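Residues 136 to 413, numbered by the working numbering, are exactly what the sequence shown covers, in order. We put the beta carbon where it would ideally sit given N, CA and C, even for glycine. Please read these numbers as outputs of a predicted model, since none were measured by experiment.
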Amino acid sequence: MKLINGFQLMEYAKKYNYVLPAFNTTNLEMTYAIAKGLMDANLPGYIQISSNNLRLSNPEIIAKIAADAVKKSETPIGLHLDHGKSFEDVKACVDAGFSSIMIDMSHLPFEENIRESRRAAEYCHFYGLPVEVELGALKGKEEDVVNEADCKTDPDMVADYVERTGCDTLAVSVGNVHGLCLDPQIDIPLLEKIYKVSKVPLVLHGGSGIPKEVIWECKKYGLIKINYGSDLRKEYIHTFGEAYEKDHNEHDVIHLSIAAVDNVAKRAQELVTMINEH
Ligand code: G3H
Ligand code: ZN
């Protein structure tokens with residue numbers, strides 16, 4: 136299969152009542168591992184890469200690797216820009232063949248945030264791609280961006296923000312945390328309030344560590360996509376770390392990289408299965 140357009144992927148998820156996991160990739164091995172995990176589970180989802188990570192892997196190369204990784208897939212898989220931090224990154228990813236885009240202008244003052252999000256959304260829509268934006272801010276560490284403030288989404292701002300940005304999905308801050316938080320406290324009543332006023336489906340960032348029962352509950356309130364980053368990165372790094380612990384002269388990159396792909400794929404398979412068990 137080819138990478139699937141983001142609008143079609145969401146339609147597919149709605150039709151079969153799936154929550155779509157979006158797994159962060161960093162490099163070639165992670166990209167193949169994520170595709171393998173989704174294919175082994177035969178469930179849909181996204182490979183995604185953050186703006187930050189584009190410093191390591193340029194969009195055209197990632198798009199080519201992702202297209203190759205999903206070519207034997209019988210389940211729809213999209214390629215998403217995560218936390219798109221500039222119009223230039225958004226444009227580069229659209230032009231490279233990504234299938235959906237997140238615009239994260241949270242570093243800008245509110246009105247500028249809306250203006251820049253709208254500008255990027257119009258570019259994406261011109262090419263038929265859906266756009267995710269975020270209202271509120273998550274506590275924790277996403278790649279090397281650290282945020283201490285826990286700024287939950289204000290339901291009173293949702294309708295206006297969705298309307299003015301022209302977004303197709305809304306990422307919310309309801310107690311979800313970026314990073315390896317083992318006990319995130321998801322505020323379901325707040326999610327319900329947001330759901331009631333949002334014209335678009337909702338997205339949860341900071342998926343690592345959220346218990347499955349909570350995710351199943353969120354599904355009742357418009358959740359369509361959940362992001363997983365740290366959980367898979369941990370699997371990847373552990374593979375090499377364990378080998379090094381056993382033997383400080385370990386240098387078998389090929390076998391360890393293959394093992395890392397298998398371990399990350401297994402974790403991705405577990406997660407996509409878990410969130411859709413119910
Ligand atoms: O955008 C990516 C994420 O929100 C990943 O969060 O590392 O807590 O799973 P996580
Ligand atoms: Zn995130």
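Residue closest to I345, alpha-carbon to alpha-carbon, out of I359, G180 and I321: Selection I359, G180 and I321 evaluated against I345 yields I321 as nearest (Cα-Cα).
Proximity to K274 [Cα-Cα], best of H373, C286 and E267: The shortest CA-to-CA distance from K274 to any of H373, C286 and E267 is the one to C286.
Exposed unless 16 or more other CB atoms sit within 10 angstroms - verdict on D239: Around the CB of D239, 16 or more other CB atoms lie within 10 Å, so the residue is classed as buried.
Distance between beta carbons of I410 and P156, contact taken as under 8 Å: Confirmed, about 6 Å.
Sequence-distant residues of the same chain with beta carbon closer than 6 Å to L144, five excluded per side: P211 and G213
DSSP-derived helix/strand/coil call for K150: helix
Whole-angstrom distance between H215 and A202, CA atom to CA atom: 12 Å
Beta-ladder partner(s) of H215, from DSSP: Q183 and S235
Continuous alpha helix (DSSP H) assignments of at least 4 residues falling wholly in the region 250-310: 290-300
D387 classed as buried or exposed, judged by whether at least 16 other C-beta atoms fall within 10 angstroms: exposed
Residue closest to K334, alpha-carbon to alpha-carbon, out of A204, E195, R299 and V205: R299
Outcome for D291 when other beta-carbon atoms lying within 10 angstroms are tallied against a minimum of 16: exposed
Inter-stretch contact at 8 Å, needing at least 3 Cβ pairs: the region 380-395 / the region 194-208: Result no; under three Cβ-Cβ pairs closer than 8 Å.
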